[in-house]
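Have a look at the structure below, then the notes.
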Amino acid sequence: MKQIVKHRYRQEKNRIAVWRLEVDYELSTLHEAIEHKDVIQIERSKRKLDRLRKEWEQLQG
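According to numbering that gives the first Met the number 0, the sequence shown is numbered sequentially starting from 0.
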């Protein structure tokens, strides 16, 4: 049972690290889109960031 808990903890820890990279990348993409006034990419980034926010809530709950 301890191994299962440890494995699950490692999986969550790894997912959080990947999640942070995804958020950083998407924020960078959004910033670039804003600078270039790329309305389509701005909306895509906002939707993806909203999805990532919801995923964060699930990871925390």
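Virtual Cβ for every residue (Gly too), placed ideally from N, Cα, C. All figures in this text were calculated on a predicted structure; none of them were measured in a lab.
Whole-number beta carbon distance between residue j and residue i, since they are thought to touch under 8 Å
i: GLU25; j: LYS47; result: 5 Å
i: VAL22; j: LEU51; result: 6 Å
Alpha carbon of residue i to alpha carbon of residue j, nearest angstrom
i: GLU31; j: LEU20; result: 17 Å
i: ILE41; j: THR28; result: 8 Å
i: GLU34; j: ALA16; result: 27 Å
i: ARG7; j: GLY60; result: 15 Å
Contact with chain B by residue i, beta-carbon distance below 8 Å
i: MET0; result: Protein chain content of the structure displayed is limited to a single chain, and chain B is not contained in it.
Residue i in three-state terms, based on DSSP
i: HIS6; result: helix
i: HIS35; result: coil
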